[in-house]
Amino acid sequence: MALGTLVEIDANVADARVVESAFAAISSVEAAFSFFVPSSVLAQINRAEVGDEIELLPWQAELLREAMELERASDGCFNANLGARLIALGLRPACFDTRDVMSGLASDGLEWVDASHLRVQRRVCLDLGGFAKGAAVDAALASLAQAGAAQACVNAGGDLAVIGEREVALRAVANWRGQGARICIENEALASSVRHATNGPFHGLGGLAVLGHGGMHLPILAGGVAIRAPRCALADALTKIVLVSGDIAHPLLATHGAAAIELE
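The opening position of the sequence shown corresponds to residue 71 in my numbering, with each subsequent residue numbered one higher.
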């Protein structure tokens with residue numbers, strides 16, 4: 071168990087320590103960007119007051135920069151600053167005081183002082199959610215690739231990435247006990263999100279799965295989207311961008327070499 075889900079690593083390596091190192095890479099991302107870990111960088115940012123500066127390691131800064139760039143590029147369809155809204159909806163525990171947290175995007179409230187330091191311009195409450203989970207999958211896969219794995223799959227509750235080829239069954243949203251289409255992915259990642267979990271053993275407020283612009287509810291519609299992309303963090307972010315925009319052919323898909331598959 072990691073990242074709030076069951077994580078599976080399947081790799082053709084002879085030394086078990088290679089897989090252990092991949093799980094350690096997952097743990098590093100979770101320790102840095104978990105909403106629930108008090109010592110995480112994310113928690114430090116969420117507790118910070120206006121004017122405070124936070125130091126990040128290079129890989130942590132790179133990940134947060136990408137999240138903020140995706141916010142801007144998607145006109146807020148992807149939003150890293152929904153922690154306060156999720157707390158208000160009862161979908162996250164009240165880990166942070168959110169009384170003076172700004173609405174809007176993380177990139178509206180945080181300023182890069184230099185390559186590794188952030189300054190809080192306005193208080194935020196970040197929740198990177200599936201984006202961080204995807205980043206953990208990417209980190210684990212990179213660890214396996216560095217160790218020479220020719221075939222591997224890292225699967226964190228359906229957010230997955232592979233080295234080599236892998237056939238993947240997409241679960242149908244309307245019939246969660248069944249399977250949807252089967253697709254083959256090669257040296258790429260796959261992530262999926264639904265608009266509302268209308269049946270099945272899903273968590274959330276009235277089946278709420280994805281928040282729209284400004285943390286508002288999306289229309290109660292069934293279905294969802296799966297995204298295949300070069301990296302899992304990117305794939306997960308693009309699922310939100312497609313669902314919130316309502317554009318199955320959103321321009322950012324082509325920009326990032328990704329493709330969308332509608333889920334019924």
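Idealized CB from N, CA, C, for every residue including glycine.
Since this is a predicted model, take the numbers as computed values, not measurements.
The straight-line gap separating the alpha-carbon atoms of A185 and D170 is approximately 27 Å. In the displayed model, E334 falls within coil according to three-state DSSP, outside both helix and strand. Rounded to whole angstroms, A324 and A113 show a C-alpha spacing of 33 Å. In the three-state scheme derived from DSSP, where H, G and I count as helix and E and B as strand, T168 is classed as coil. Taking the Cα positions, A259 is about 24 Å away from R87.
The alpha-carbon separation between L175 and A84 amounts to approximately 45 Å. Taken through DSSP and simplified to helix, strand or coil, R189 comes out as strand. Under DSSP, V312 forms no beta bridge with any residue. The distance from the Cβ of A261 to that of I297 is about 6 Å, consistent with a contact at the 8 Å cut-off. For G204, the enclosing alpha helix (DSSP H) begins and ends at 199-216. Going by DSSP, D178 is part of the alpha helix (DSSP H) stretching over 176-179. For the beta strand (DSSP E) assignment, the uninterrupted runs of no fewer than 3 residues enclosed by the segment 114-176 are, from N- to C-terminal side, 123-125.
Of the residues E78, V99, A330, the one whose Cα lies closest to the Cα of A209 is V99. Residue range 235-239 is occupied by the beta strand (DSSP E) that includes E237. Scanning P128, D178, M71 for the CA closest to the CA of L152 turns up D178. Counting C-beta atoms within 10 angstroms of its own C-beta, M71 has fewer than 16 neighbours from the protein chains shown and is therefore classed as exposed. Residue pairing by DSSP puts D80 in a beta bridge opposite C223. The straight-line gap separating the alpha-carbon atoms of A164 and C254 is approximately 41 Å. Between L230 and A222, the gap from beta carbon to beta carbon reaches 8 Å or more. The shortest CA-to-CA distance from N116 to any of V77, I157, C147, D167 is the one to D167. With contacts defined as CB atoms closer than 8 Å, A219 and I233 qualify as a contacting pair.
Partner residues in a beta bridge of L323, as assigned by DSSP, do not exist.
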